[in-house]
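Peer 1: Okay, handing you the structure first.
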Amino acid sequence: MLVKVMGFGLFLMDTEACNVNKLDQKKKLRLDRIDRIFKNLEVVPLFGDMQIAPFNYIKRSKHFDPSKWPLSSSTAISPQADLMVHLPQIREDHVKYISELARYTNEVTTTVKDNTTDAENRATADLALRGLQLLSEWSSVVTELYSWKLLHPTDHHQNKECPVEAEEYERATRYNYTDEEKFALIEVIAMIKGLQVLMTRIETVLCEAIRRSIYAELQDFVQLTLREPLRKAVKNKKDLIRSIIMSVRESSADWQKGSESLDDPALKGKKDPDGGFKIAVPRLNVGPSSTQLYMVRTMLESLIADKSGGKRTLRKDIDGTCLMQIDQFHKNSFYWSYILNFSESLQKCCDLSQLWYREFYLEMTMGRKVNHCKVMHQHNEECNDLITMEKRIQFPIEMSMPWILTDHILRTKEPSMMEFVLYPLDLYNDSAHYALTVFRKQFLYDEVEAEVNLCFDQFVYKLSEQIFAHYKQLAGSMNLDKRFRVECEVLGFNFQSYPRNNRYETLLKQRHVQLLGRSIDLNKLITQRINADMHKSLELAISRFEATDITGIVELEGLIQVNRICHKLLSKYLALDDFESMVKEANHLVQAPYGRVTLHVFVELNYDFLSNYCYNAATNRFIRCPQGIALVHPIQREKPQQMSHYYLWGSKQLNAAYSTQYGQYSGFVGAPHFHAMCRLLGYQGIAVVMDIILKDIVKPLIQGNLLQFTKTLMSAMPKTCKLPRFDYGSPGVLSYYHAHLIDIVQYPDAKTELFQLFREFGNSIIFCLLIEQALSQEEVCDLLHAAPFQNILPRPYCKDGEKPETKQKRLESKYSSLQIVSNVEKFGTAKQAMIAREGDLLTRERLCCGLSIFEVILGRVKSYMDDPVWMGPPPINGVMNIDECSEFHRLWSALQFVYCIPVADTEFTVEQLFGEGLNWAGCVMIVLLGQQRKFEALDFCYHILRVQRVDGKDETVKGINLKRLVDRIRRFQVLNSQIFAVLNKYLKSGDSEGSTVEHVRCFPPPPHPSMMPASHYHDPNKIRH
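For the sequence shown, our numbering begins at 154 and goes up steadily by one.
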């Protein structure tokens, strides 16, 4: 206000009759001092977004001379426009005052005092006053900076980010602050609002100390200090001074006995007696009224004024010492009206509502028609591509200072500023309070409220997104393989996967954010959004698996694990939904018997895995068939939904790292994949998958296409096919079998459709076997983890002479606190104890039951082979078929002969095309039909192998290299033996092939051929004893 008056006053003074420059020459004015003031305060806030430059009055004056105003006329930036100049001092003052206030707050809260001394009350009042002065000073710095920026908008030349077509208000707010200025502005606002909160918390204590201090100082001054000037005024008969002092005493004195003592010598102009005149000044918790304070100050001012309406002042009639005391009291009492109304003064000192108001700019732009060119070029009046736009009646939130500062923190993610993100939103509280209490306009409050609703939604959305992304990246970094990270750093690829530590914890603890009179639970709002983000993340993980083949199961488990870690980290601060419930919901496993993961696993098994993958027992893995050889149509999969990086692994760098890591699992299906399936599907999912495989894949294969092929090929088999004698040599034996099995060798669908069906059947069996092996390993891990809690401890090592029983008991007593059942029975309810015992019993039964899924599956498969063609007709001799080709093992021998024939170097082998699933299919059917030993004794290929081992010949027969053929036969013989061993291990002891008890049937020696010429063998049932 003073600066505005100075500028306007000089403008009015500078006329023809009075030249301001001449007044400066005569030293009646000091223009250099005024020039410095105008430079330090180039812009003075008027009202809201209205401001004025006082030096503009001087420029328009009659005798304006720029040389007389060197600072104001220069182009140098005013200190008012540079917040960075004030920031160090503000920080220093803030630290000092906060420390002192914290010390006082701790002292007040930890000690209880019935009566405080005058010195303590005076110190507390001074502390409160200094706080108000600091807050007022800092608020003025912020407001003056904002006003200066409004009067000096930027443009696209000064700021490259500013568009050419940006509005004036946008250029004054959105693009007119550098990042450093925004951070400094946020920091100062945070200091103001933070100190306001601290002082509000101890407002009751401060107000009591202020009232006691002012009361004591006022009464001491009125009753004690004014006695001396009153005595001299009475003695010297200065009736005017006496009457003024008496009026001060009468209007504000609070006497101990209710009235002034008439025995006071000062009232008579006499000196005090030798013993002194004692006046007891009371101490009360009450301050003077505003009327009392105004009257006292006005009357005292008349005593010490330098100038008055008359020629003579009263100041000369008062003693110098008394004059100084009155003058000091007058100066001190100036602040009393402010600190007595502490709450209102604190609100005004911290009021930054003017940073939101933009009514002046709205009035300047409202209803204007502007021509906006839609073509990017240098605009001029001849632009033809102009469109007419109606100016908006309200500016978007991107131009609002509170949101600009809030969004700047969220956008930069500066850790040191994250705790201040709520302070700029408090500017809306100031604006709403100003609209209701000062402007008294409902429409202004409605506009503030509408913007708050929009901004707070955006704030919660962005903050929740950042928090989720931060903790998701942290979880992904924690889960990343450490050796992989080290190898990346060795190779020079340092992707800084760990996010920098940010102070989100403070924000997550906010449950009572005060905004426009509402108490908002920020923690709850963030929890709701992060719950939704967790659901989206899990949905994306499963959708990503559904868009890949079965090898993606390992990546799916990794994604779920990262989300589990993220959920655990966030659960420290947020009441999130149960993670397992989230997974079930995303997997659609809440009500359905099987979820999306189980369904996709079966779909991949049915349409891709069983048909296109080849098993290799050496690596215990499945690999895909060579490219270009697809015996079934490729499956069409939907592409996953595109989402932000943090929904996957946390960041772009982590996504690349994990893609590289899990890309190593995409070329095969092995133990990691089966373990992941066991953990993700669980018992229920595995049971569903295996049941569907048996019902919808294995059973239709055995009773459908395989049965038809078997019937067709059995009809093409020779009626009899003997085992030629060794005398023929291996080339002769090979020629014999090739001639007898020529129909099977040349069967067109043998190496394509038939082997493909056997491969699917064999892969199904192998899949079930590997799933059970992985599930058993998982169960063993679970049991080992549960062992200490069930009092199952490993046997301790004992030296010579030590008793193992003593050590075992010592271990049991040491770990007795871990035993679940005993502790629950001791401290829990009867129902909890029963549940604990049942769980313990179930866990122990898992350890000792010895149940086998694969054994049950083999039994189910055996029940499907009920057609007579598998077993063939009963043997003619009543014992077994030797030369007849009527049983399945003879057909499989023929098929084995077919795939043992070596192929050219440019052709794919049967192993490459179909893998070992083909061999597993034949061996499983042979074992389940009880034909294993017949197969091993009568197999065509085995016979060739045995003969060739004796003669050691290496010839080419019918285009078949004998040595290569024998090598292949030997490999397949070893493979078949391994498969038979595995199958016999799982079959029950009652089965004929796997029985440990030999059921021997005795036959008599054969008679002489002359007695039985028609048959080589006799029916044992017809032999007469």
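C-beta: ideal position from N, C-alpha, C; glycine also. Remember, predicted model here, so these are calculated numbers, not experimental data.
1) Exposed or buried, what is Pro652 when buried is set at 16 or more other beta-carbons lying within 10 Å of its beta-carbon?
2) Take Ala588 and list the residues in its own chain whose beta-carbon comes closer than 7 Å to its own, dropping the five residues that flank it on each side.
3) Please report how far the alpha carbon of Asn268 lies from the alpha carbon of Arg436, in whole angstroms.
4) Looking only at its own chain, which residues have a Cβ that is under 8 Å from the Cβ of Ser292, when we skip the five neighbours before and after it?
5) Let's test the definition: count the other Cβ atoms within 10 Å of the Cβ of Ser724 and tell me whether it reaches 16, buried, or not, exposed.
6) Give the straight-line distance between the Cα atoms of Leu476 and Arg468, rounded to the nearest whole angstrom.
7) Please indicate yes or no: does the CB of Asp849 lie closer than 7 Å to some heavy atom of the ligand MN?
8) Does the segment 827 to 841 come into contact with the segment 707 to 714, if we say contact requires no fewer than three beta-carbon pairs (one atom in each stretch) closer than 8 Å?
9) Whole-angstrom Cβ separation of Leu727 and Asn676, contact assumed at under 8 Å?
10) With DSSP collapsed to three states, give me the class of Leu194.
11) Do Pro957 and Arg963 come within 8 Å of each other at the CB atom, strictly closer than that value?
12) Could you name the residues that DSSP lists as bridge partners for Ile924?
13) Rounded to the nearest angstrom, how far is the Cβ of Lys1068 from that of Asn769, given a contact under 8 Å?
14) What's the C-alpha gap between Ile850 and Met1018?
15) So Met552 and Thr326 are in contact, right, with Cβ under 8 Å, and what is the actual spacing, rounded?
16) Where do the ends of the beta strand (DSSP E) carrying Ser672 lie?
17) Cα separation between Asp610 and Ala603?
18) Output the distance between the C-alpha atoms of Lys1138 and Ile1132, rounded to the nearest integer angstrom.
19) Let me check understanding here. Comparing Cα to Cα, which of Gln619, Ala939, His305 lies closest to Ile205?
20) Tell me where the alpha helix (DSSP H) around Arg636 begins and ends.
21) Quick check on this structure: which residue in Glu567, Leu515, Leu578, Trp556 has the alpha carbon closest to the alpha carbon of Gln547?
22) Looking only at DSSP bridge pairs, what is Tyr766 linked to?
23) What are the partner residues of Ile251, as DSSP defines its beta bridges?
24) DSSP on Gln817, reduced to helix/strand/coil?
25) If distances are taken between C-alpha atoms only, which option among Leu876, Met159, Glu314 comes closest to Leu1091?
26) Taking the CB atoms as reference points, tell me whether Leu834 and Val842 lie closer together than 8 Å.
27) Write down the C-beta distance between Ala939 and Gly803 rounded to the nearest angstrom, noting that I regard them as a contact closer than 8 Å.
28) Where does Thr873 fall in DSSP's three states?
29) Pull up the distance between the alpha-carbon of Asn765 and that of Ile703, whole angstroms please.
30) Are at least three pairs of beta-carbons, each pair with one atom in the segment 239 to 249 and one in the segment 222 to 229, less than 8 Å apart?
31) So, helix, strand or coil for Asn1114, using DSSP?
32) Helix, strand or coil: which one does DSSP assign to Gln667?
33) Going by alpha carbons, who is nearest to Ile683 out of Ser672, Phe732, Val754?
34) Looking at C-beta atoms only, is the number of pairs between the segment 1064 to 1081 and the segment 1112 to 1120 that lie closer than 8 Å three or more?
35) Quick one: is Arg256 near chain C, going by C-beta distance under 8 Å?
36) Are the beta-carbon atoms belonging to Leu644 and Leu580 less than 8 Å from one another?
Peer 2: By the coordinates alone:
1) buried
2) Lys594, Leu597, Tyr598, Val601
3) 10 Å
4) Ile345, Cys502, Cys503, Asp504, Leu505
5) exposed
6) 7 Å
7) You won't find the ligand MN in this model; it holds no ligand whatsoever.
8) yes
9) 7 Å
10) coil
11) no
12) In the DSSP output, where bridge partners are listed per residue, Ile924 has none listed.
13) Checking the sequence shown, residue 1068 turns out to be Gly, not Lys. Right, their Cβ atoms sit about 6 Å apart.
14) 14 Å
15) 5 Å
16) 671 to 673
17) 11 Å
18) 10 Å
19) His305
20) 635 to 643
21) Leu515
22) Arg777
23) Its beta-bridge partners do not exist; DSSP assigns none.
24) coil
25) Leu876
26) yes
27) About 33 Å separates the two Cβ atoms, so there is no contact after all.
28) strand
29) 12 Å
30) no
31) strand
32) strand
33) Phe732
34) no
35) Absent from the structure is chain C; it holds one protein chain and no more.
36) no
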